[in-house]
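Below is one structure; the comments refer to it alone.
2 protein chains.
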Amino acid sequence: MKALAFDVFGTVVDWRAGIIGELEKFGKSHGLQRDWPAFADNWRVGYAPAMDRVRRGELPWTRIDDLHRAILVDLLIAAGIGAGDSDIDHLSRAWHRLDPWPDSVAGLTRLKQRYVVTTLSNGNVSLLTNMAKHAGLPWDCVISAELFCHYKPDPEAYLGCAELLDIAPAELTLVAAHPADLRAARAAGLGTAYVARPLEYGPDREPYDVASDHFDIVATDFVDLADQVGA
Amino acid sequence: MKALAFDVFGTVVDWRAGIIGELEKFGKSHGLQRDWPAFADNWRVGYAPAMDRVRRGELPWTRIDDLHRAILVDLLIAAGIGAGDSDIDHLSRAWHRLDPWPDSVAGLTRLKQRYVVTTLSNGNVSLLTNMAKHAGLPWDCVISAELFCHYKPDPEAYLGCAELLDIAPAELTLVAAHPADLRAARAAGLGTAYVARPLEYGPDREPYDVASDHFDIVATDFVDLADQVGA
Numbered sequence: 038m039k040a041l042a043f044d045v046f047g048t049v050v051d052w053r054a055g056i057i058g059e060l061e062k063f064g065k066s067h068g069l070q071r072d073w074p075a076f077a078d079n080w081r082v083g084y085a086p087a088m089d090r091v092r093r094g095e096l097p098w099t100r101i102d103d104l105h106r107a108i109l110v111d112l113l114i115a116a117g118i119g120a121g122d123s124d125i126d127h128l129s130r131a132w133h134r135l136d137p138w139p140d141s142v143a144g145l146t147r148l149k150q151r152y153v154v155t156t157l158s159n160g161n162v163s164l165l166t167n168m169a170k171h172a173g174l175p176w177d178c179v180i181s182a183e184l185f186c187h188y189k190p191d192p193e194a195y196l197g198c199a200e201l202l203d204i205a206p207a208e209l210t211l212v213a214a215h216p217a218d219l220r221a222a223r224a225a226g227l228g229t230a231y232v233a234r235p236l237e238y239g240p241d242r243e244p245y246d247v248a249s250d251h252f253d254i255v256a257t258d259f260v261d262l263a264d265q266v267g268a
Numbered sequence: 038m039k040a041l042a043f044d045v046f047g048t049v050v051d052w053r054a055g056i057i058g059e060l061e062k063f064g065k066s067h068g069l070q071r072d073w074p075a076f077a078d079n080w081r082v083g084y085a086p087a088m089d090r091v092r093r094g095e096l097p098w099t100r101i102d103d104l105h106r107a108i109l110v111d112l113l114i115a116a117g118i119g120a121g122d123s124d125i126d127h128l129s130r131a132w133h134r135l136d137p138w139p140d141s142v143a144g145l146t147r148l149k150q151r152y153v154v155t156t157l158s159n160g161n162v163s164l165l166t167n168m169a170k171h172a173g174l175p176w177d178c179v180i181s182a183e184l185f186c187h188y189k190p191d192p193e194a195y196l197g198c199a200e201l202l203d204i205a206p207a208e209l210t211l212v213a214a215h216p217a218d219l220r221a222a223r224a225a226g227l228g229t230a231y232v233a234r235p236l237e238y239g240p241d242r243e244p245y246d247v248a249s250d251h252f253d254i255v256a257t258d259f260v261d262l263a264d265q266v267g268a
């Protein structure tokens, strides 16, 4: 193993708390009360089908920023909320301003001493770059599905990341809290590290039973991951 | 101005001193004495025509790592030096292990507080990533001509960088010690910052007369650049 590529939304940053917080701020400044946690969940839920339309070729390549904005506009209309373009722009970029899980920066800082650490996210390069500045994430480089015009779980994203790092797929480990992402990485020849993020979807979810999968590493957080790989 | 994109070889790192040092090490371990400064200069001189063959379409897209290796092999043959593949691999990656100019890290660290700072180099992503780890360069992201399959000074490289950062060309400033690079950036609509690196080609060169060009910023080093842009 020479490098670790990190899924970002849910694995490195707590998108749900961050998006709820931004929606609450938006609601306050517009004098609105809504079920913001449900709004946040619906925003996130809209993301996979939007990406799948790009993956199937029904849409040309479209950045996550633009997908996020389109989903947001639909949700605002459905909720009967009117807002100006610049307010919508700002809110749609809430995904640039997410905070890391408490262990993320400490774990990445240790892992970076020994390995190359990069993003491998469906988020676009500018989103990931702005988020890293906001959250203090010490990436060695910022690699995104945008660079390959292929969203994960397309194999082009995993293989493209290894190629840019000039290493073999087996020398690259994907770190993610999402089994489907890890299974696709494994199918492309990458190593796999599952990190549990039991609060990603809120407090009421059943924990995922990782024993039903075969990942190379199973870690409780990034500090545990650093311990396990000797970083 | 929202972001600064940095040329790297010569602008951020002192390639000549670094390459001479690596060649001297190579010579010592192989019991060879040669004019290593001249060898280093010839290695560097070979790089522009090799890239131009790619730019004209005479060669398919080829990474700088591979161009550097091919030029090195020719120079070793011409000098009557035999070496094994793994020694040549190691030496050809000397470009990954270059040291920064004395002001580079301090200046970038200040500039990063206020602006996005990225590479915009003809070096490939893995080269730039390894160099940043070696030299402690605090990039926000690593952008390379490799991502566009277009070497500078092709406009695609400058415009592609702005597009990945999701900013207008005029919001991006190229920082370089090389007037031709800056002129091409300006033609693509970017801002320009010339930084003098009078020792790039060794101690005996005439200083470049910057007064004959019209760059937005002219700085003596990266700390002076930070002062001038309020970072």
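If you're matching them up, the sequences are chains A and B in order.
For the first sequence, the numbering used here begins at 38 and goes up steadily by one.
For the second sequence, the numbering used here begins at 38 and goes up steadily by one.
Glycine included, C-beta positions come from ideal geometry on N, C-alpha and C.
Item	Value
Residues that DSSP places opposite S181(B) in a beta bridge	S158(B)
8 angstroms Cβ cutoff met for P131(B) and G55(B)	Reading off the sequence shown, one finds Ala at residue 131(B), where the question assumed Pro. Result yes, Cβ atoms of A131(B) and G55(B) sit closer than 8 angstroms.
Interface residues of the region 175 to 192 of chain A facing chain B [CB-CB below 7 angstroms]	D177, C178, V179 and L184
Whether G144(B) touches D258(B) by CB criterion (8 angstroms)	yes
Selected residue, minimal CA-CA separation from H171(B), among Y195(B), E193(B) and P137(B)	P137(B)
Limits of the unbroken alpha helix (DSSP H) element including I101(A)	I101 to A115
8 angstroms Cβ cut-off: residues of chain A touching P166(B)	First, the amino acid is wrong: residue 166(B) is Thr here, not Pro. The contacting residues are V153, T155, D177, C178 and L202.
Beta-carbon gap between A194(A) and G47(A) smaller than 8 angstroms	no
Entirely enclosed beta strand (DSSP E) segments - the region 226 to 250 of chain B, minimum 3 residues	228 to 232
Beta strand (DSSP E) segment containing L26(A), residue limits	The structure shown does not extend to residue 26(A), since chain A is modelled only from 38 to 268, so the question has no answer here.
Contact with chain A by K170(B), beta-carbon distance below 8 angstroms	yes
Paired residues, beta bridge with L211(A) - DSSP	A42(A) and T229(A)
Beta-carbon gap between C186(B) and T155(B) smaller than 8 angstroms	no
Listed by chain order, chain B residues near S163(A) by CB distance under 7 angstroms	L201, L202 and D203
Spatial distance of D140(A) from S181(B) (CA atoms)	31 angstroms
Beta-carbon proximity check, L128(B) vs L109(B), cutoff 8 angstroms	yes
Own chain, CB closer than 8 angstroms to P244(B), minus 5 neighbours either side, in chain order	A233 and P235
Length of the line joining the Cα atoms of E208(A) and L227(A)	7 angstroms
P86(A) - partner residues in DSSP beta bridges	BP columns for P86(A) are empty, so no partner.
Residue from G119(A), V266(A), L41(A) and G267(A) whose Cα sits closest to the Cα of V153(A)	L41(A)
Nearest residue (CA-CA) to I118(B), options V91(B), I101(B) and D72(B)	D72(B)
Extent of the continuous beta strand (DSSP E) run through I282(A)	Absent from the structure is residue 282(A), since the part of chain A shown begins at 38 and ends at 268.
Y188(B), buried or exposed, once every other Cβ within 10 Å from all chains shown has been counted against 16	buried
Proximity to L60(A) [Cα-Cα], best of D264(A), M38(A), K149(A) and A77(A)	A77(A)
Residue interval of the alpha helix (DSSP H) (run including A224(B))	P216 to A224
Residue span of the alpha helix (DSSP H) that contains I125(B), given as start and end	D122 to S129
Whether V212(A) touches L164(A) by CB criterion (8 angstroms)	no
C-beta atoms of V247(A) and V255(A) nearer than 8 angstroms	yes
Status (buried if at least 16 other CB within 10 Å, exposed otherwise) for W98(B)	exposed
Residue closest to P240(A), alpha-carbon to alpha-carbon, out of D203(A), P74(A) and D264(A)	P74(A)
Rounded C-alpha distance that separates L201(B) from Q70(B)	46 angstroms
Rounded separation between H251(A) and T229(A) - CA only	9 angstroms
Per-residue burial, Y231(A) [other beta carbons within 10 Å of its own, 16 or more giving buried]	buried
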